[in-house]
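Residue numbers (the working numbering), protein chains in the order written: chain A, 60 to 171; chain B, 1330 to 1446.
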């Protein structure tokens, strides 16, 4: 059975801290791994990763994939209160017709 | 671009009634739309994959007769919760995959919060 597990489930940090969110997966015929940020409503797309070792970066956020060890990390540097959200990791497998299997999510709260 | 809307955004209904939720891709055509359910502080659980012009594919444990899905056009999919009960109360989110997507670019709607009294 395909499985995507995120850790930690939740964390609270202070503004300016750096956080690392983890996503591990067990998926047959892996195709891609995606990160989303969900605030109050719809998840918004952050990154899509398909190749190992290539860091994707967008401002203070970055992510990398390790296809050998079957995990990805999402880093957020110099966190701000606006980074408070649920961060979702999802994995797509080939032959799944674009279907995504979502992880448990990590709830991040950034305090002043 | 790539906007997905859902209607209504919030609905409260009595137990035993049916509720229809619409998911529309506003500026692109989507051959495939997905319906998810999300409980408070939990992740998205895929309920079904909706394909235009064909029957939806339901995930294991999701009742087809309870959650009716119709994908009538390339821009509209509907989810009808039939004979709703309080345990059906949840946040329902749809996503749409563009017809000509290069990657698996799913765009999410804003969600519909269903409360069944």
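All residues carry an ideal CB built from backbone N, CA and C; glycine is no exception.
* Outcome for residue 98(A) when other beta-carbon atoms lying within 10 angstroms are tallied against a minimum of 16 -> exposed
* **Environment of residue 1401(B) [buried if 16+ CB atoms lie within 10 Å]** => exposed
* To do: Give the DSSP-derived three-state secondary structure of residue 114(A) in the structure shown.
  => coil
* Asked: What's the C-alpha gap between residue 123(A) and residue 89(A)?
  -> Cα-Cα distance, rounded: 15 Å.
* Can you give me, in chain order, the residues of the stretch 1420-1442 of chain B that have a beta carbon less than 7 Å from any beta carbon in chain A? => 1422, 1426, 1432, 1433, 1435, 1437, 1438, 1439 and 1440
* Going by the beta-carbon positions, is the gap between residue 150(A) and residue 84(A) smaller than 8 Å? -> yes
* To do: With 8 Å as the threshold, decide whether the Cβ of residue 1370(B) is near any Cβ in chain A.
  => yes
* Tell me which same chain residues have a C-beta within less than 7 Å of the C-beta of residue 144(A), skipping the five on either side of it? -> 96, 97, 98 and 167
* **Buried versus exposed, by CB contacts within 10 Å (16 or more), residue 1415(B)** => exposed
* Short-range partners of chain B found in the stretch 141-166 of chain A, where Cβ spacing is below 7 Å -> 147, 151, 156, 157, 158, 159, 161, 162, 163, 164 and 166
* **Cut-off 6 Å between Cβ atoms - residues of its own chain near residue 79(A), not counting five sequence neighbours on either side** => 132 and 134
* When DSSP builds the beta bridges, which residues end up paired with residue 1370(B)? -> None, per the DSSP bridge assignment.
* Which residue comes first and which comes last in the beta strand (DSSP E) that contains residue 134(A)? -> 130-135
* Assuming residue 1409(B) contacts residue 1353(B) (C-beta within less than 8 Å), just tell me the rounded distance between them. => About 15 Å separates the beta carbons of residue 1409(B) and residue 1353(B), which is beyond the 8 Å limit, so they are not a contact pair.
* Asked: Mind pulling the chain A residues with CB within less than 8 Å of residue 1405(B)?
  -> Chain-ordered listing is empty here: chain A has no CB closer than 8 Å to the CB of residue 1405(B), the nearest sitting near 17 Å.
* For residue 1368(B), collect the residues of the same chain with a Cβ closer than 7 Å to its Cβ; drop the 5 residues on either side in sequence, then sort them by chain order. => Closer than 7 Å at Cβ, skipping near neighbours: 1419.
* **Range of the contiguous beta strand (DSSP E) that encloses residue 1401(B)** => 1396-1402
* If we count the other Cβ atoms within 10 Å of its Cβ and call it buried at 16 or more, is residue 68(A) buried or exposed? -> exposed
* Chain-ordered chain A contacts of residue 1375(B) [CB-CB under 9 Å] -> 158, 159, 160 and 161
* Going by C-alpha distance, which of 1443(B), 1421(B) and 1446(B) is nearest residue 1372(B)? -> Of 1443(B), 1421(B) and 1446(B), the residue nearest in Cα terms is 1421(B).
* Asked: Just by C-beta distance, which residues in the stretch 1350-1361 of chain B are closer than 9 Å to chain A?
  -> 1361
* Between residue 1406(B) and residue 1333(B), is the Cβ-Cβ spacing less than 8 Å? -> The Cβ atoms of residue 1406(B) and residue 1333(B) lie no closer than 8 Å to each other.
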